[in-house]
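Protein chains in written order, with my numbering: chain A, 211 to 365; chain B, 211 to 365.
There are 2 protein chains.
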Amino acid sequence: MDAPPRWLDPEEKAAWDNFIRMQETLIGRLSRRLQADSGMSASDYIVLVSLTERGDGRMRFLDLAKLVEWEKSRMSHQVTRMAKRGLVSREECPDDGRGAFIVATPAGYRAIEEAAPQHVEHVRRLFIDALTPNQLSTLARLSKRVLDHMEKQPD
Amino acid sequence: MDAPPRWLDPEEKAAWDNFIRMQETLIGRLSRRLQADSGMSASDYIVLVSLTERGDGRMRFLDLAKLVEWEKSRMSHQVTRMAKRGLVSREECPDDGRGAFIVATPAGYRAIEEAAPQHVEHVRRLFIDALTPNQLSTLARLSKRVLDHMEKQPD
DNA sequence: ACGAAATTGTTGACAGCTCATCCACTTGTG
DNA sequence: CACAAGTGGATGAGCTGTCAACAATTTCGT
């Protein structure tokens, strides 16, 4: 016995549409910009940021995958592609014969150091500058709230 | 002379991170759910919704592309794939020899009618229910604000 | 200590997106 | 009317993400 679907009421639908459109437009513009400015995808960027933010530029494969919340298969393909372009390399892990380290190469450091300022500038221009500090912190709080709520939900 | 990059201050960075994580988690879970429940991608879904929401289930190619804010090439590939699966079909346009209509097939109607209630339920469960009505309308307002701001920015 | 189960990571097939390019038709201009 | 420019849409190459299956260790229970 199917319950009748609880459709969104007009305000809910409008809210959902606004959010979705905003988020798609924002992410789309940022990633196209990043690609055009630095030849890097958003995925390349976040991998390099994650690696280089820790002092030694290296991380265990699955730790990295968990940090950015990707499936391991995605990470594996991503690392393969980035290694092919010389941005990172794999090193084996002495403690665990299965394991691997992902290491940012010097070229990887150069790439992220060049890309980051421009990218941050675009984040600021498109997103941060759109809101007052109060509005920004409200949005952050609501985002966190949705995030916490999702973590409690199955799936 | 490069201006020194204006890095995000800790609150700005925290706001950005929260927003990005929320949005990625939300979109990721919704699209995996949709795919698993109905075999449809988010792109399939929005195309079918757009077509079937207008009474006749048909739309000009570029009108559809503009409505969902896609590049025409993306829409073209998408329509090709959906046509291959029988969800939509192309019809030529009598008024304009270059033009084409995209039409939802009966199978397309069935697919969207089956998928929509579940999808809406998940949107409600993951997103709408996370917030009070006031919070939801605040989020909608802030989203709109960011959207309007982006439209004024170059690129 | 031995086998089962869990963990770590890889691979291949396939669908999706973007970019550049191209073709066919229409419209505007002289 | 002729022809250049613009518009509507298709196509192919190449990169990215997902899913399912697999291989190589390590860990755990007995």
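Every residue, glycine too, gets a C-beta built ideally from N, C-alpha and C.
- Beta bridge pairing from DSSP links F311 of chain B with B:R270, B:E301.
- By the C-beta density criterion, L274 of chain A is buried, having at least 16 other C-beta atoms within 10 angstroms.
- Under the three-state reduction of DSSP, F337 of chain B is assigned to coil, being neither helix nor strand.
- Between L357 of chain B and T235 of chain A, the gap from beta carbon to beta carbon is short of 8 Å.
- Rounded to the nearest angstrom, the gap between the Cα atoms of E324 of chain A and R295 of chain A is 16 Å.
- For G238 of chain A, the uninterrupted alpha helix (DSSP H) segment begins and ends at 220-248.
- Secondary structure note for S283 of chain B: its alpha helix (DSSP H) is the uninterrupted segment 282-294.
- Among the residues facing chain B, V313 of chain A is not included, as its CB has no counterpart in that chain under 8 Å away.
- Between the C-alpha atoms of G238 of chain B and S248 of chain B there is a straight-line separation of about 15 Å.
- By the rule that beta-carbons nearer than 8 Å mark a contact, M269 of chain B does not touch chain A.
- L346 of chain A is positioned such that its CB atom lies closer than 8 Å to that of I338 of chain A.
- Beyond the five residues adjoining it in sequence on each side, V333 of chain A comes within less than 6 Å, by CB distance, of no other residue in the same chain.
- Counting of Cβ neighbours within 10 angstroms places G309 of chain B among the exposed residues, the total staying below 16.
- Using a Cβ-Cβ cut-off of 7 Å, P327 of chain B is close to P215 of chain A, given in chain order.
- Taking Q233 of chain B as the centre and dropping the five residues before and after it, the same chain places no C-beta closer than 7 Å to its C-beta.
- Here the region 306-320 of chain A makes contact with the region 259-271 of chain A; the two share three or more CB pairs at distances below 8 Å.
- At least one CB of chain A lies nearer than 8 Å to the CB of I338 of chain B.
- Each of B:Q363, B:T262, B:D365 was checked against the Cα of Y319 of chain B, and the nearest Cα belongs to B:T262.
- Interface annotation for the region 287-301 of chain A against chain B: empty, criterion Cβ-Cβ distance under 8 Å.
- The C-beta distance from V259 of chain B to W217 of chain A rounds to 12 Å, too long to meet the 8 Å contact threshold.
- Exclusion of the five residues before and after A317 of chain B leaves G296, L297 as the residues of its chain whose Cβ lies within less than 7 Å of its Cβ.
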